[in-house]
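Single-structure report; data block below.
Protein chains: 2
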Amino acid sequence: MSERLVDRRIIRTKRMIRDALTMLMEEKGFEAITVRDLTERADINRGTFYLHYEDKYDLLEQCEEEIINGIKKLTLKLNLKDALSFDGQKEPFPFIVYLFEYFHENSSFMKAALGPNGDAAFQEKLKELIKNTFYQNILSNLQQEDMLVPIDFLIAYISSANLGVIQHWLESGMEKSPREMALILARITLLGPRHVTGLYSKEK
Amino acid sequence: MSERLVDRRIIRTKRMIRDALTMLMEEKGFEAITVRDLTERADINRGTFYLHYEDKYDLLEQCEEEIINGIKKLTLKLNLKDALSFDGQKEPFPFIVYLFEYFHENSSFMKAALGPNGDAAFQEKLKELIKNTFYQNILSNLQQEDMLVPIDFLIAYISSANLGVIQHWLESGMEKSPREMALILARITLLGPRHVTGLYSKEK
DNA sequence: AAAATAAATGAACATCATGTTGATTATCCA
DNA sequence: TGGATAATCAACATGATGTTCATTTATTTT
């Protein structure tokens, strides 16, 4: 591949800058970070930063894109068969488990980027990804006339809900395993928020 | 009250600055805005800005706080009776309708602040508000042992989902009425995402 | 191992936004 | 109307930005 063609120093420098970005985002949020902060933390010359990135926004963008691409690679493993054959309440969707494992590997950056001092645009990108995945694999072959609500609002509901659960998982220290998280998500989505409270049986 | 004590000029200046903030957030996002941008757009002296705000973050904070307080005033109208007596599928919760009407009145700022170039911290504040409202009025008297998922994840799910629907409504031009939106939200939350697709009847 | 290539450094520079100050003008309110 | 105060204007120091160029250092290639 073309990876071999990249100079070791470039890889090293970029890695140090990206690590510095993650650390500083955790400490003070993205807005407050200066290029000087980044290069001091990474212990490189300030000019070197500009050899690799236009500015801090370019850096953030590239880091986000890397995460997004990692997720997209995972979605290739997902196929329609998986999604429809599982009931998802006793055995979690394998794909969702992989997803949470991937988030765990990249948790430092993701936690910072999805936190209150993070980047709203990154949230939006992830929601978009969730939307497409859900839509292409589950919702696309539904009849619009069967729907009790407009499909675009349903999609907005589901994708935001899932992202919100991921955010809460990251913020609360990732104590549940990826497997447990997949089960939790499946239960709420399949049974509905009210049903999982246990209220359902009393009223029906 | 103490409102009378405020000089007209202050009210005028603050209003112009806040309007400028909303416009510029729509145009280029909060991060890209400078104090100079704000004062040029508002057609006031740059120094005047600093008579009222510490910096642009202080300005944003104050605008957000105003919205939050407006919502909190609405929640005072909400009581337990309302929340539990309605089934919410034919008649919407009055409180939720008021809420969407309030969002409509402040849609310019809200759309900008909740959009991809907006402020992730504001999203978090709103989610926190939704969490508390839901929890205090509905979820607090549930038995933890009845729950099929941990309650904190359920709350994260619901609050993010609701915020996501609000965001989608704002971004898609607010074509549905507040009443319709309240019904849509109630249906998904009460019946569950899968049930509202119409798939439910075929499988149960 | 030596030569060629390319990345990183360090210093300097112009530019721009920031936040503050003091003097002056315009507006408000009683 | 007169006193109070908000807004303006000009000026200033500070610090971040993005760029340049000569130099040093690390790497790849031959």
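Sequence lines, in order, name chains B and E. Counting with our numbering, you get residues 1 to 204 for the letters of the first sequence. Counting with our numbering, you get residues 1001 to 1204 for the letters of the second sequence. Note that beta-carbon positions come from the ideal geometry of N, C-alpha and C, so glycine has one too. It should be emphasised that the depicted structure is a prediction, and the values quoted were computed from it without experimental measurement.
Could you tell me if residue i is buried or exposed, where buried requires 16 or more neighbouring beta carbons within 10 angstroms of its beta carbon?
i, result
"serine 160 (chain B)", "buried"
"methionine 1001 (chain E)", "Annotation note: pLDDT 36 at methionine 1001 (chain E) (below 50); position unreliable, no value reported."
"aspartate 1007 (chain E)", "exposed"
"isoleucine 10 (chain B)", "exposed"
"leucine 1076 (chain E)", "exposed"
"valine 72 (chain B)", "The sequence shown places lysine at residue 72 (chain B), not valine. Label assigned to lysine 72 (chain B): exposed."
"aspartate 146 (chain B)", "exposed"
"glycine 192 (chain B)", "buried"
"lysine 111 (chain B)", "buried"
"lysine 1056 (chain E)", "buried"
"glutamine 234 (chain B)", "Nothing in the structure corresponds to residue 234 (chain B), since chain B is present only between 1 and 204."
"alanine 1121 (chain E)", "buried"
"asparagine 1117 (chain E)", "buried"
"asparagine 1069 (chain E)", "exposed"
"glutamine 1123 (chain E)", "buried"
Skipping 5 residues on each side, what residues in its chain have a beta carbon closer than 8 Å to that of residue i?
i, result
"isoleucine 17 (chain B)", "Leu38, Thr39, Ala42, Ile44, Phe49, His52, Tyr53, Leu59"
"isoleucine 184 (chain B)", "Val165, Lys176"
"glutamate 171 (chain B)", "Lys111, Gly115"
"glutamine 62 (chain B)", "Tyr53"
"aspartate 1119 (chain E)", "Phe1030, Leu1060, Glu1064, Ala1113"
"isoleucine 1033 (chain E)", "Leu1021, Leu1024, Met1025, Lys1056"
"isoleucine 151 (chain B)", "Leu139, Leu142, Gln144"
"leucine 74 (chain B)", "Phe95, Tyr98, Leu99, Tyr102"
Shorter than 8 Å from the beta carbon of residue i to some beta carbon of chain E?
i, result
"valine 149 (chain B)", "yes"
"alanine 42 (chain B)", "no"
"glycine 192 (chain B)", "yes"
"valine 35 (chain B)", "no"
"asparagine 106 (chain B)", "no"
"aspartate 146 (chain B)", "yes"
"aspartate 208 (chain B)", "Outside the displayed range of chain B (1 to 204) lies residue 208 (chain B), so it cannot be described from this structure."
"leucine 160 (chain B)", "Correcting the residue identity first, residue 160 (chain B) is serine in this sequence and not leucine. So, interface residue."
"glutamate 27 (chain B)", "no"
"alanine 120 (chain B)", "yes"
"glycine 198 (chain B)", "yes"
"proline 178 (chain B)", "no"
"phenylalanine 109 (chain B)", "no"
"alanine 156 (chain B)", "yes"
"valine 165 (chain B)", "yes"
"aspartate 152 (chain B)", "yes"
"isoleucine 184 (chain B)", "yes"
"leucine 142 (chain B)", "yes"
"leucine 139 (chain B)", "yes"
Under 8 Å between C-beta atoms, does residue i make it to chain B?
i, result
"glutamine 1136 (chain E)", "no"
"proline 1092 (chain E)", "no"
"glutamine 1123 (chain E)", "yes"
"phenylalanine 1095 (chain E)", "no"
"glutamate 1101 (chain E)", "no"
"arginine 1187 (chain E)", "yes"
"asparagine 1117 (chain E)", "yes"
Ignore the nearest five residues each way along the sequence and tell me which others in residue i's own chain have a CB closer than 6 Å to its CB.
i, result
"valine 196 (chain B)", "Arg187, Ile188"
"lysine 1202 (chain E)", "Below a pLDDT of 50, predicted positions are generally treated as unreliable, and lysine 1202 (chain E), at 48, falls in that range; the measurement from the model is reported next regardless. Here the set comprises nothing."
"glutamate 1101 (chain E)", "Pro1178"
"leucine 1109 (chain E)", "In the sequence on display, residue 1109 (chain E) carries phenylalanine and not leucine. The residues are Thr1022."
"leucine 1148 (chain E)", "none"
"leucine 78 (chain B)", "Phe95"
What does a CB cutoff of less than 7 Å around residue i pick up in its chain, not counting 5 residues either side in sequence?
i, result
"arginine 1179 (chain E)", "Pro1092, Val1097"
"alanine 20 (chain B)", "Leu38, Arg41, Ala42"
"glutamine 1167 (chain E)", "Leu1114"
"tryptophan 1169 (chain E)", "Lys1176, Met1181"
"tyrosine 1135 (chain E)", "Ile1155"
"asparagine 1162 (chain E)", "Ile1130, Leu1185"
"arginine 46 (chain B)", "Val35, Arg36, Thr39"
"isoleucine 158 (chain B)", "Phe134, Thr189"
"methionine 174 (chain B)", "His104, Ser107"
"threonine 1013 (chain E)", "Ile1044, Thr1048, His1052"
Original post:
Can at least three beta-carbon pairs, one atom from the stretch 1121–1132 of chain E and one from the stretch 136–144 of chain B, be found at a separation below 8 Å?
Top reply: With the cut-off at 8 Å, the stretch 1121–1132 of chain E and the stretch 136–144 of chain B do not touch.
**OP:** Identify each residue in the stretch 45–70 of chain B for which the Cβ-Cβ distance to at least one residue of chain E is less than 7 Å, and report them in chain order.
**Re:** none
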